[in-house]
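Chains as they are written, first to last, in our numbering: chain L, 7 to 285; chain H, 3 to 374; chain D, 9 to 296.
A short worksheet on the structure shown next.
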Amino acid sequence: MSRKPAKGPLEYARSWPLRLWVGAVLLFLYLPLASLILFSFNDSRRTIRWEGFTFDWYGRMMDDAALIDAFTNSLTIAAISTLFSVVLGAMTAIALWRFRFPAKSLFDGAVTLPIVVPEICMGVAMLVFFGQVMPWPRDLVWPLDLGAIIIAHITFSFPFVAVVVRARLTSFNREMEEAARDLGASELRALVDVLLPHIRPALVAGALLAFTLSLDDFVITFFTAGPNTVTFPVKIYSMVRFSVTPEVNAASTVLMAITVILTVIGMKLQGREIAQQGH
Amino acid sequence: MTGKSLIRFENVSKRFGSFIAVDDVSLDIGEGEFFTLLGPSGCGKTTLLRMLAGLETPTEGRILIDGVDVTDVPPNRRPVNMVFQSYAVFPHLSVADNVAYGLKIDKVAKAERDERVAEALRLVKLEDFAARKPDQLSGGQRQRVALARALVKRPRVLLLDEPLSALDAKLREAMRGELAAIQDAVGVTFVMVTHDQDEALAMASRCALMNRGQLQQVAAPGDLYEYPANRFVADFIGTINMVEGTLGLDEPDQAAVTSEALDCPVWVNHGVTGAPGTPVWVGIRPEKIAMTPIDQPRPAGPEEMPAANVTQGVIVRSAYLGASTLYEVEIATGIVLKVAQANGDRDAGQGLPAGSSVWLSWAPKAPVVLLG
Amino acid sequence: MVGPMNGDWRRERLAFLSVITAPAAWIVLFFVIPLGVIWAYSFGRTLNLTEVAVTGTLDNYARVLDPVYLMIFAKSLVFAGVTTAICLLVGFPYALVMTFATPRGKIWLLLGIMLPFWTNLLVRTYALMAVMRTEGWINDAVGLVGLGPFEMLHTNFAVIVGLVYVHLPFIVLPLYSTLDRLDRSLLEASLDLGAGHIRTILQVVVPIARPGILSAVMLCFIPALGSYLTPDLLGGPDSQMIASVIERQFKRANDWPFGAALSFMLMYLTLAAMAVRALQDRRKGAIA
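Next up, the structure:
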């Protein structure tokens, strides 16, 4: 007497109305993105009707020097700011996790604030700071001319890294470090041998987060950037504002592809790291 | 089982993917029983209980309560209520509101509801805690809330999932008695899951022992201990010395077994269905073996076979356990038998030192012979 | 370095200084000082194109109370509130399904919600614009059945849709982590006691998960309140939110002190929302 696979009372994931709901949500999230990708291959200047398949817009995008420059700028900014953010974020996390010190809660608040402060507020603060307090020299060679933007990106990224690393640190078994010391390792050696491997998955996750945040940022960059230092989102913004061409679709598709690849790599890496760590 | 059948499992199986949690279980539980499901962790006992509650659906088979097929009835429409292992007391509701929760759903009028809640709280001795929040209660008190909350619905069956496992030893002992008293008071059928055999034996009117999803034996606690149906049951319940042997003589009410592991035959006063030469297992519980110093005369064997049931050995280790002392005695064949001696007076605990040679003997009523 | 978990900094001065100096210096120089300057500017007045005199005047804050700007604040709060409410309604069932899905299902559902989250905000907003344009294919679709075309883009409706689109992941992820931590036997106990699913969710899940739901709401509401890009690209002339007004003061109107005052009003609103949340936490802590 076999029965159809029975559904338990709490198996909400197998309830049809809820599945439909999830399907609708995913449709809502992905339909616009899918149509954007589709129309990046559309052989028509008008962006609404399908006329046939083409790679034209990708070719045109590659020929657009300003767009390529903006793209290079974005990747450079993201790479440099990620490097700094990971180091600063790890330091912040270790300081807050490990030590008791005067004004600790003040420091904690100060490094948490960039996460919650509205982007626009931080944007105008950066605008004024680099306009009035510490004017960034205008005619520096690349990539030094991107300095102001990089500094701004580090400022809003490293607190996120700190949060990720701190979460990981709470699961650190302090006895491991003590065991290393007991076995003769110096303080620094114990830290490098035991603590760093433990937080490595968090450093990887934090780095990906910092990279994506930097690549994604429009508002703060928009206020910090000078007329000659254009990033990819800022460039797309002006293209969207002033001329809508399928070239934007192509550029957006490329950016999305990069994001997807980064996310997948991140998930894979983290999965492996965590599996290796065994906890 | 005495009385009429209240719960019936008919060839119930539950698979999670390729894992078989419950394998073709058929079982009747009678009205008013205190029934325990016992077994090692992962044996399927909790799954069986949860299927009775409706929290899992069987892959195959039927479950009947009061003759009604409830296999597909959702948990909220079954006449059973459960005390969860974690108690699952709602943290956002007061004790009284927790107990009233089910009654509100049943739309019991407020006056009656208040009365029944008060009565249930009295039953579990929490009448002074009605207004408290769960986080102001101890673990034992939270469990009482869970118990009151389930009983107030006057279920046909009360299900208890490892109810005592989270309590400390003293409280556990006290709650055993109290649960039994509460069952007497309310007369509801109790089905309890436990992995603790002492608990199962102490409280149950009948007990089902499970392993790997299958029922091993369903019996009264004493029968489970003294007449295990197979090796698993004999091994799981209590401590037992097990040796492999060959069936010799087999008559309706007596049997003889020879074993290479023992240097004497075993004479048993129960019959075994099997031809002479059948391989069997002989089990003897440690407390059923008598031990006397070697300088005393050899204990007498059974009349029918004087050579049987007596051997000698050397004490290799002893463990003082308070009420008794457990000796490990190595016999001539090299195997070690466990022997328990009750500490009848204060000096008995000193016992015999390791290295002493002793006689070991047992009555024909002591061993059990198991086929496979 | 072997000491208590929270070592006193004096006992390990060198180790402490080596980790604290750089982040502390960075946060002071590039975050506290810039915000401090803005804060000072909010009490100043414009001298000429690039100079501001900090005079201690409260004029800028008085101007914020002008009905025109109060309306914009109110509208921003309404937009963010409606967005949060819709996100909660749409996201809760999603998070619920995710919680009770198989491990594989969880990964896919997580990926499903994370990919748009990681996708560039501008790209997402632009994608939405293309769909909602008057000549976009939603109007094509409704046109087939003889309706429309509807003016969707550059309306308040578009702004809400855009804000929901962008902020949905913000609410689903924390909701999921809250629901996932919930003791399942509480739900089972409720069902066992006779409650149906809807009742179990409303009377057991929601009250117990309330702190987590509130966090999720805040995580959605706060960024929605400060949104700049979405109303800017999807909204019409009457769907401006605070951020757009702030931007105008700095980039076009060149009234930095007033822009600074508006920024700080937005900051105060944000911090107030967080304080409410923290207070909830503390009250909860006091009972426990």
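Backbone N, C-alpha and C fix where the C-beta goes; we use that ideal spot for every residue, glycine too.
GLY142 of chain H: CB within 7 Å of a non-hydrogen atom of the ligand COA: Because no ligand of any kind appears in the structure shown, any question about the ligand COA cannot be addressed here.
Go ahead and label LYS112 of chain H buried or exposed: buried means 16 or more other beta carbons lie within 10 angstroms of its beta carbon, across all protein chains shown. What you label residue 112 of chain H is simply residue 110 of the second sequence in a count that begins at 1. It counts as exposed.
Coil, strand or helix - GLN87 of chain H by DSSP: In the second sequence, counting from the first residue as 1, residue 87 of chain H sits at position 85. Correct three-state label for GLN87 of chain H: coil.
The segment 64-84 of chain H touching the segment 174-187 of chain D, judged by at least three CB pairs closer than 8 Å: no
By how many angstroms is the C-alpha of ALA32 of chain D removed from the C-alpha of LEU25 of chain D? Within the third sequence, the letter at position 17 stands for residue 25 of chain D. Within the third sequence, the letter at position 24 stands for residue 32 of chain D. Each residue's alpha carbon lies about 10 Å from the other.
Look at the alpha carbon of ASP222 of chain L and the alpha carbon of LEU129 of chain D, and state the distance between them as a whole number of angstroms. Translated into the one-based positions of the first sequence, residue 222 of chain L becomes position 216. Translated into the one-based positions of the third sequence, residue 129 of chain D becomes position 121. Spanning the two alpha carbons is a distance of roughly 6 Å.
So SER91 of chain L packs on ALA211 of chain L, CB below 8 Å; how close in whole Å? Along the first sequence, read from residue 1 onward, the residue named residue 91 of chain L stands at position 85. Along the first sequence, read from residue 1 onward, the residue named residue 211 of chain L stands at position 205. Not confirmed; about 12 Å, so no contact.
Please classify THR133 of chain D as buried or exposed, where buried requires at least 16 neighbouring CB atoms within 10 angstroms. Start at 1 with the first residue of the third sequence, and residue 133 of chain D comes out as number 125. Classification for THR133 of chain D: buried.
By the criterion of Cβ-Cβ separation under 9 Å, what are the contact partners of PRO76 of chain H in chain L? Here residue 76 of chain H refers to the residue found at position 74 of the second sequence. Residues of chain L passing the Cβ test: PRO15.
Pairwise C-alpha distance: PHE258 of chain D and SER223 of chain D: Sequence index remark: in the third sequence, residue 223 of chain D carries index 215 (1-based). Sequence index remark: in the third sequence, residue 258 of chain D carries index 250 (1-based). Going by the C-alpha atoms only, they are around 32 Å apart.
Taking VAL212 of chain D as the query, report the chain H residues whose CB atoms sit under 7 Å from its CB, ordered along the chain. Counting from 1 along the third sequence, the entry for residue 212 of chain D is found at position 204. Correct list: PHE92.
In whole angstroms, what separates the C-alpha of ASP255 of chain H from that of ASN271 of chain H? Your numbering for residue 255 of chain H matches position 253 in the second sequence. Your numbering for residue 271 of chain H matches position 269 in the second sequence. Approximately 6 Å between the Cα atoms of the pair.
With a cut-off of 8 Å, does the C-beta of ALA109 of chain D fall near any C-beta of chain H? Stepping through the third sequence from its first residue, residue 109 of chain D is reached at position 101. Taking Cβ atoms only, chain H never reaches closer than 8 Å to ALA109 of chain D, which makes this a no.
Contacts that ASN56 of chain D makes with chain L (C-beta to C-beta distance below 9 Å): Start at 1 with the first residue of the third sequence, and residue 56 of chain D comes out as number 48. Those within 9 Å of ASN56 of chain D in chain L number zero; the least Cβ separation is about 13 Å.
Please identify the residue among L:LEU32, L:ALA154, L:ARG247 and L:SER46 whose C-alpha is closest to the C-alpha of LEU117 of chain D. Within the third sequence, numbered from 1, the residue matching residue 117 of chain D stands at position 109. Among L:LEU32, L:ALA154, L:ARG247 and L:SER46, the Cα nearest to that of LEU117 of chain D is on L:LEU32.
For MET307 of chain H, which three-state DSSP category applies? By one-based count along the second sequence, residue 307 of chain H stands at place 305. If DSSP states are grouped into helix, strand and coil, MET307 of chain H belongs with coil.
Do ILE286 of chain H and ILE242 of chain H have their C-beta atoms closer together than 8 Å? Residue mapping note: residue 286 of chain H aligns to position 284 of the second sequence, counting from 1. Residue mapping note: residue 242 of chain H aligns to position 240 of the second sequence, counting from 1. Cβ distance < 8 Å, so ILE286 of chain H and ILE242 of chain H count as in contact.
What is the DSSP secondary structure of GLU117 of chain H, reduced to helix, strand or coil? Along the second sequence, one-based indexing puts residue 117 of chain H at 115. Of the three classes helix, strand and coil, the one that applies to GLU117 of chain H here is helix, per DSSP.
Can you tell me which of the three DSSP states LEU249 of chain H falls into? For the purposes of this step, residue 249 of chain H is taken as the residue at position 247 of the second sequence. Three-state DSSP puts LEU249 of chain H in a strand.
Sufficient close CB pairs (3 or more, under 8 Å) joining the segment 55-68 of chain L to the segment 206-213 of chain D: no
VAL91 of chain H and VAL147 of chain H look like a contact to me (Cβ under 8 Å); what is the Cβ gap, rounded to whole Å? As a working mapping, residue 91 of chain H is identified with position 89 in the second sequence. As a working mapping, residue 147 of chain H is identified with position 145 in the second sequence. Yes, VAL91 of chain H and VAL147 of chain H are in contact; Cβ-Cβ is about 5 Å, under 8 Å.
Between VAL225 of chain D and LEU96 of chain D, which are expected to be in contact by the criterion C-beta below 8 Å, what is the C-beta distance as a whole number of angstroms? The count along the third sequence starts at 1 and reaches residue 225 of chain D at position 217. The count along the third sequence starts at 1 and reaches residue 96 of chain D at position 88. That belief holds up - the Cβ atoms of VAL225 of chain D and LEU96 of chain D are roughly 6 Å apart, short of 8 Å.
When we look at the beta-carbon of THR127 of chain D and count the other beta-carbons within 10 Å, is it buried (16 or more) or exposed? Taking the third sequence and counting its residues from 1, one reaches residue 127 of chain D at position 119. Its Cβ being crowded by 16 or more others within 10 Å, THR127 of chain D is buried.
Is the beta carbon of ALA132 of chain H less than 8 Å from the beta carbon of LEU123 of chain H? Your numbering for residue 132 of chain H matches position 130 in the second sequence. Your numbering for residue 123 of chain H matches position 121 in the second sequence. Their beta carbons are under 8 Å apart, which means ALA132 of chain H touches LEU123 of chain H by this criterion.
Span separating the alpha-carbon of GLU253 of chain H from that of THR275 of chain H: For the purposes of this step, residue 253 of chain H is taken as the residue at position 251 of the second sequence. For the purposes of this step, residue 275 of chain H is taken as the residue at position 273 of the second sequence. Taking the straight line from one Cα to the other gives about 9 Å.
In chain D, what lies closer than 8 Å to MET84 of chain H by C-beta? Counting from one through the second sequence, the residue named residue 84 of chain H turns up at place 82. Those are GLU196, ALA197 and ASP200, listed as they occur along chain D.
Chain D beta carbons: is any one of them nearer than 8 Å to that of THR218 of chain L? Locating residue 218 of chain L in the first sequence gives position 212, where the first residue counts as 1. Yes, because at least one Cβ of chain D sits closer than 8 Å to the Cβ of THR218 of chain L.
Extent of the continuous beta strand (DSSP E) to which ASN79 of chain L belongs: On the first sequence, position 73 is the one that residue 79 of chain L refers to. Careful: ASN79 of chain L lies outside any beta strand (DSSP E), inside the alpha helix (DSSP H) at 71-104.
Which bits of chain H does ASP191 of chain D rub up against, with CB to CB less than 7 Å? Position 183 of the third sequence, counting from 1, holds the residue named residue 191 of chain D. Ordered by position in chain H, the residues that pass the 7 Å Cβ test against ASP191 of chain D are SER88 and ALA90.
Distance, LEU50 of chain H Cα to TRP364 of chain H Cα: Within the second sequence, the letter at position 362 stands for residue 364 of chain H. Within the second sequence, the letter at position 48 stands for residue 50 of chain H. Taking the straight line from one Cα to the other gives about 40 Å.
Does ALA88 of chain D pass the burial test, meaning 16 or more other C-beta atoms within 10 Å, or should it be called exposed? By one-based count along the third sequence, residue 88 of chain D stands at place 80. Looking at its Cβ environment, which holds 16 or more other Cβ atoms inside 10 Å, ALA88 of chain D is buried.
Helix, strand or coil, according to DSSP, for LYS16 of chain H in the structure here? Within the second sequence, numbered from 1, the residue matching residue 16 of chain H stands at position 14. Three-state result, LYS16 of chain H: strand.
Would SER185 of chain D pass as an interface residue toward chain L - the criterion being a Cβ-Cβ separation below 8 Å? In the third sequence, counting from the first residue as 1, residue 185 of chain D sits at position 177. Answer no: the Cβ-Cβ gap between SER185 of chain D and chain L never drops below 8 Å.
For a contact defined as C-beta to C-beta under 7 Å, what are the partners of ASP151 of chain L on chain D? Taking the first sequence and counting its residues from 1, the one referred to as residue 151 of chain L is at position 145. In chain order: nothing, as chain D lies at least about 18 Å away.
Starting from the Cα of ILE83 of chain L, find the closest Cα among L:ALA96, L:ILE121, L:PRO233 and L:PRO149 and give me that residue. If you number the first sequence from 1, residue 83 of chain L lands on position 77. The shortest C-alpha separation from ILE83 of chain L is found at L:PRO149.
Which two residues bound the contiguous alpha helix (DSSP H) that contains CYS95 of chain D? As a working note, residue 95 of chain D is residue 87 in the third sequence. Taken as a continuous stretch (DSSP letters only), the alpha helix (DSSP H) holding CYS95 of chain D covers 75-107.
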